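Visitor:
There are 2 protein chains.
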Amino acid sequence: MITRLDRLFLERAYELAARGAGSTSPNPPVGAVLVRDERVIGEGYHHRAGTAHAEAHALAEAGDARGATLYVSLEPCALAGRTPACAQSVLDARVARVVIGTRDPTRNGGGAEALRARGVDVAISDDPEARELVAAFVRSARDDRPFVALKMAMSLDGAVAPRPGVRERLGSAEEERYVRDLRATYDAVMVGAGTLRIDDPQLTVRPPRDRVRPYARVIACAREPIDPKHRVFARHPGYVKTIALVPAAQRERFEALRAVADVIEVDVRKGMDLDLDAAMAALRRRGIFSLLCEGGPRLGASMLASGVVDRIYWAIAPRLLGGPDTVPVLAGAKIDGIQIRFDRVEQLGPDVMLSGTVARV
Amino acid sequence: MITRLDRLFLERAYELAARGAGSTSPNPPVGAVLVRDERVIGEGYHHRAGTAHAEAHALAEAGDARGATLYVSLEPCALAGRTPACAQSVLDARVARVVIGTRDPTRNGGGAEALRARGVDVAISDDPEARELVAAFVRSARDDRPFVALKMAMSLDGAVAPRPGVRERLGSAEEERYVRDLRATYDAVMVGAGTLRIDDPQLTVRPPRDRVRPYARVIACAREPIDPKHRVFARHPGYVKTIALVPAAQRERFEALRAVADVIEVDVRKGMDLDLDAAMAALRRRGIFSLLCEGGPRLGASMLASGVVDRIYWAIAPRLLGGPDTVPVLAGAKIDGIQIRFDRVEQLGPDVMLSGTVARV
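Line order of the protein sequences matches chains X and U. So in the numbering used here, spot 149 of the first sequence is number 149, and the numbers just go up one at a time. In the numbering used here, each residue carries its 1-based index in the second sequence increased by 1000.
1) Below 8 Å on the Cβ atoms is my contact criterion, and I expect R145 of chain X with V358 of chain X to pass it. Report the Cβ-Cβ distance as a whole number of Å.
2) Just reading off the alpha helix (DSSP H) that M1280 of chain U is part of, what are its end residues?
3) Give me the DSSP bridge partner(s) of Y1215 of chain U.
4) Going along the chain, which residues of its own chain have a beta-carbon closer than 6 Å to the beta-carbon of M1354 of chain U, five neighbours each way excluded?
5) Relative to the alpha-carbon of R1258 of chain U, which residue among U:A1021, U:T1185, U:N1108 and U:A1244 has its alpha-carbon at the smallest distance?
6) Counting pairs of Cβ atoms below 8 Å between the segment 1155–1166 of chain U and the segment 165–175 of chain X, do you hit three or more?
7) Using the beta-carbon count (16 or more within 10 Å), is D1364 of chain U buried or exposed?
8) So is R4 of chain X buried or exposed if we call it buried at 16+ other beta carbons inside 10 Å?
9) By the criterion of Cβ-Cβ separation under 7 Å, what are the contact partners of G1356 of chain U in chain X?
10) Which residues, in order along the segment 299–316 of chain X, keep a beta-carbon less than 9 Å from a beta-carbon of chain U?
11) Give the residues of chain U in contact with K334 of chain X, contact being defined as C-beta atoms less than 8 Å apart.
12) On the DSSP bridge assignment, give the partners of D1336 of chain U in chain order.
13) Is the shortest distance between the beta-carbon of Q969 of chain U and the beta-carbons of chain X less than 8 Å?
14) If you check the beta carbons only, do T1069 of chain U and V1122 of chain U fall under 8 Å apart?
15) Against R341 of chain X, what residues of chain U qualify as contacts under a CB-to-CB distance less than 9 Å, listed in chain order?
16) Would you say A21 of chain X reaches chain U, if we count a Cβ-Cβ gap shorter than 8 Å as a contact?
17) Can you find the residues in the same chain that come closer than 8 Å, C-beta to C-beta, to S302 of chain X, ignoring five residues on each side of it along the sequence?
18) Distance check for S172 of chain X and Y178 of chain X, CA to CA, integer angstroms please.
19) Since A1193 of chain U contacts E1175 of chain U with CB under 8 Å, what's their CB separation in whole angstroms?
20) Given that a residue counts as buried once 16 or more other Cβ atoms are within 10 Å of its Cβ, and exposed if not, what is P1208 of chain U?
21) In the DSSP assignment, find the unbroken alpha helix (DSSP H) run with E1011 of chain U in it and report its ends.
22) Do the segment 282–301 of chain X and the segment 315–325 of chain X make contact, defined as three or more Cβ pairs closer than 8 Å?
23) Output, in sequence order along the chain, the residues in the segment 1256–1278 of chain U whose CB is closer than 8 Å to any CB in chain X.
24) Short of 8 Å Cβ to Cβ, which residues in the segment 157–168 of chain X face chain U?
25) Identify the residues that DSSP records as bridge partners of G1031 of chain U: which are they?
26) Can you name the residues that DSSP bridges to K151 of chain X?
27) Would you kindly check if the distance between the Cβ of V1138 of chain U and the Cβ of P1105 of chain U is under 8 Å?
28) Got a sec: is the Cβ-Cβ distance from M154 of chain X to anything in chain U below 8 Å?
29) Determine whether the Cβ of P1328 of chain U lies closer than 8 Å to any Cβ atom of chain X.
30) In this structure, does DSSP put A85 of chain X in helix, strand or coil?
31) Taking the alpha-carbon positions, what's the V352 of chain X to S155 of chain X distance?
32) Consider the C-beta atom of D187 of chain X and the heavy atoms of the ligand FMN; say whether any pair is separated by less than 7 Å.
33) Would L330 of chain X and G300 of chain X be called neighbours here (beta carbons separated by less than 8 Å)?
34) Considering only the alpha carbon of each residue, which of X:H53, X:Q339 and X:S140 lies closest to D187 of chain X?
35) Return the CA-CA distance between N108 of chain X and A80 of chain X, expressed in angstroms with no decimal places.
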């Protein structure tokens, strides 16, 4: 049974976990709180892969955790890896009760059973918030691709620009801040070549917190060559070399990019678009376990049509761009076989942000 | 000064006011609560034009209201009309204090000053909720047109149908219920002829409460004749004869409608679309003080472009209709010179409803 007080401490564990988001990949962000007599005696979160897990930080801070309750956002690992198995550390510390945010469905799981078998009282809350924290970890453990979120911004009439080739600044300052914070929780950000040509974005991350892991920027190219002078190809400390996904059959067109970018050749599907399944698998092999795609309309539609999108962030500006030449928010591919569920609706200054899950059906 | 307890009683007044919404036109819905020693001693709301005002109902229920506080959603009227001026009734009842939701900016206003001049303690809260209750009343008192809300439903990629002429059921059951309730608070509902041809809607109101005032359904026609057998032209008890707005220059094309509809001839603007300013003025003269327009894309865009829309309701379904032939949510007119502000964002089952104000700029 999980009480209201338990819930408060779990929420604290989620807050702590979120501090590591963006830095822990390929591990998930995890937070832990140790409580005795309704008082916090230790807490911590996982900072980066290869270093101490959240439970170890909390146990170290508490010193003596005998008889305490451990609140942890993710089921403690039962496997010893580069660090000792957390389930064993919890047993060794003689913690009396463990309250878990969500199960670990990967091969690292099983900590709950290991603890119960040794007499620890274990409760599992199975919270959506806890599941969201580990979604990228679970996706990249299960499948040969990163966890992918697609972020688009459009007018209330579903357009991104009044006519092709025009840059339209749709998002408010609040929306831009939201997206910058969002980027910081992903391993990489990606845009299509069309967006690069029109907007010339830097795709940099200005997080309020320090980022431990180098950040990747990815450009998905179709057929037309790309100017290596685009700002995204400038080297920045804290960023890996910008990745360019280019069609293998047209590799010679992208020769000029090799000086500034990490060029990955990808097969082309349907004669036109990159094989995005193959592209995602290639990014996963580069160590990118979560990816935020920020459009444009053609890449966004291809990503959705390929079934590689796990989550959407859809910003809506209170504007109307209507007219015969408007550029729709999604272009090209016909999208079938996916199901969207909104799970969050937020007002960001004048804009609205709808977000939700995408599942293949 | 308005206390938290005052706020609770004001909210009760708004609840009561809403019971009359849809039935009071051309008067606004108004609710009133009389309180003495923190206990309600009388309450009421305005049922329909020509009958007792909210304050009169509350005073009658209380019997003796000496020293009480009156909470009323709208400033009491200072003018005697078909019923006595409420400000005078409040003074006669020796009410000690009056807490007002919002000012009456029309020529009926001035009750607050009249009361203060006679020693009553008057506080004005100026709540958005109170202003919204009287928005239609204020609009139709100021301008030669009804208060107009535009309700559209679209997919997440801004479309209403995968191709022209196809009916697409976009809204969920929750969204449909919301819109039915919304209709009941307006004097009339309107759609364009294209929507009539594709959807053949009845545009009936199935309100959870009784509706006192007859309801009007309006069809805006462009050039093509309309089949008089459409369901909207069937007579229903509680509805006035369905109104057809037709282009004056093409009146002979709409002769067949005269048997089933109240045909209003309207000038045509720009060679194509009805002059919607003239159309709205004609509806206002028919006694329609508030109008809910439910599309389609062409009429919606024309209404927005004409600057006659005061409020939008924009339903977004978690679906993607994307493709080369999709019908966008707004079509035709280029829309300039309006400013939209979202003021409410709601989840309706799987859908999201954005609503907000529209102002000319």
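Even for Gly, the Cβ is constructed at its ideal location relative to N, Cα and C. Remember, it's a predicted structure, so these values are computed and weren't measured experimentally.
Guide: According to the data block:
1) Taking the first sequence and counting its residues from 1, the one referred to as residue 145 of chain X is at position 145. Taking the first sequence and counting its residues from 1, the one referred to as residue 358 of chain X is at position 358. So it is not a contact: roughly 13 Å between Cβ atoms.
2) By one-based count along the second sequence, residue 1280 of chain U stands at place 280. Start and end: L1276 to R1285.
3) Here the question's residue 1215 of chain U lines up with position 215 in the second sequence. U:Y1239.
4) The residue labelled residue 1354 of chain U in the question sits at position 354 within the second sequence. According to the sequence displayed, residue 1354 of chain U carries Leu and not Met. Excluding sequence neighbours, L1354 of chain U sits near W1314, F1342 and V1345.
5) Your numbering for residue 1258 of chain U matches position 258 in the second sequence. It is U:A1244.
6) no
7) No answer is possible for residue 1364 of chain U: the residues shown for chain U start at 1001 and end at 1361.
8) Within the first sequence, numbered from 1, the residue matching residue 4 of chain X stands at position 4. Exposed is the call here.
9) Numbered from 1 along the second sequence, position 356 holds the residue referred to as residue 1356 of chain U. Result: P318.
10) Under the 9 Å Cβ criterion, the segment 299–316 of chain X contributes A301, L304, A305, I312, W314 and I316.
11) For the purposes of this step, residue 334 of chain X is taken as the residue at position 334 of the first sequence. By Cβ distance, chain U contributes G1322 and G1323.
12) Residue mapping note: residue 1336 of chain U aligns to position 336 of the second sequence, counting from 1. According to DSSP, D1336 of chain U bridges with nothing at all.
13) Outside the shown range of chain U, which is 1001 to 1361, sits residue 969 of chain U, and nothing can be said about it.
14) The count along the second sequence starts at 1 and reaches residue 1069 of chain U at position 69. The count along the second sequence starts at 1 and reaches residue 1122 of chain U at position 122. Not closer than 8 Å, so no.
15) By 1-based counting over the first sequence, the position of residue 341 of chain X is 341. The contact set of R341 of chain X on chain U, defined by CB atoms closer than 9 Å, consists of P1318 and P1350 in chain order.
16) Here residue 21 of chain X is taken as the residue at index 21 of the first sequence, counted from 1. Answer no: the Cβ-Cβ gap between A21 of chain X and chain U never drops below 8 Å.
17) As a first step, residue 302 of chain X is located in the first sequence; it is residue number 302 there, counting from the start. Excluding sequence neighbours, S302 of chain X sits near D273, L274, L276, G332 and A333.
18) Indexing the first sequence from 1 puts residue 178 of chain X at position 178. Indexing the first sequence from 1 puts residue 172 of chain X at position 172. When rounded, the distance between both Cα atoms is 10 Å.
19) By one-based count along the second sequence, residue 1193 of chain U stands at place 193. By one-based count along the second sequence, residue 1175 of chain U stands at place 175. The pair is not a contact, with the Cβ atoms about 24 Å apart (cut-off 8 Å).
20) Here residue 1208 of chain U refers to the residue found at position 208 of the second sequence. Note that P1208 of chain U has pLDDT 45, beneath the 50 cutoff, so the model's placement of it is unreliable and the number below is only indicative. Classification of P1208 of chain U: exposed, given that the 10 Å Cβ count is below 16.
21) The count along the second sequence starts at 1 and reaches residue 1011 of chain U at position 11. Looking at the DSSP string, the run of the alpha helix (DSSP H) that includes E1011 of chain U is R1004 to G1020.
22) no
23) Those would be none; no residue qualifies.
24) D157, G158 and A159
25) The count along the second sequence starts at 1 and reaches residue 1031 of chain U at position 31. In the DSSP output, where bridge partners are listed per residue, G1031 of chain U has U:Y1045.
26) By one-based count along the first sequence, residue 151 of chain X stands at place 151. According to DSSP, which records beta bridges pairwise, K151 of chain X is partnered with X:Y313.
27) Indexing the second sequence from 1 puts residue 1105 of chain U at position 105. Indexing the second sequence from 1 puts residue 1138 of chain U at position 138. The Cβ atoms of P1105 of chain U and V1138 of chain U lie closer than 8 Å to each other.
28) The residue you call residue 154 of chain X lines up with position 154 of the first sequence. True, the Cβ-Cβ gap to chain U drops below 8 Å.
29) By one-based count along the second sequence, residue 1328 of chain U stands at place 328. Yes - at least one Cβ of chain X is within 8 Å of the one on P1328 of chain U.
30) Within the first sequence, the letter at position 85 stands for residue 85 of chain X. In the structure shown, A85 of chain X sits in coil (DSSP, three-state: anything other than H, G, I, E or B).
31) Within the first sequence, the letter at position 352 stands for residue 352 of chain X. Within the first sequence, the letter at position 155 stands for residue 155 of chain X. V352 of chain X and S155 of chain X: Cα-Cα distance of roughly 10 Å.
32) The ligand FMN is not part of the structure shown, which contains no ligands of any sort.
33) By 1-based counting over the first sequence, the position of residue 330 of chain X is 330. By 1-based counting over the first sequence, the position of residue 300 of chain X is 300. Taking C-beta atoms as the reference points, L330 of chain X and G300 of chain X count as a pair closer than 8 Å.
34) Here the question's residue 187 of chain X lines up with position 187 in the first sequence. Selected option, being the one with the closest Cα: X:S140.
35) Taking the first residue of the first sequence as 1, we reach residue 108 of chain X at position 108. Taking the first residue of the first sequence as 1, we reach residue 80 of chain X at position 80. Near 9 Å, if we compare the C-alpha coordinates of A80 of chain X and N108 of chain X.
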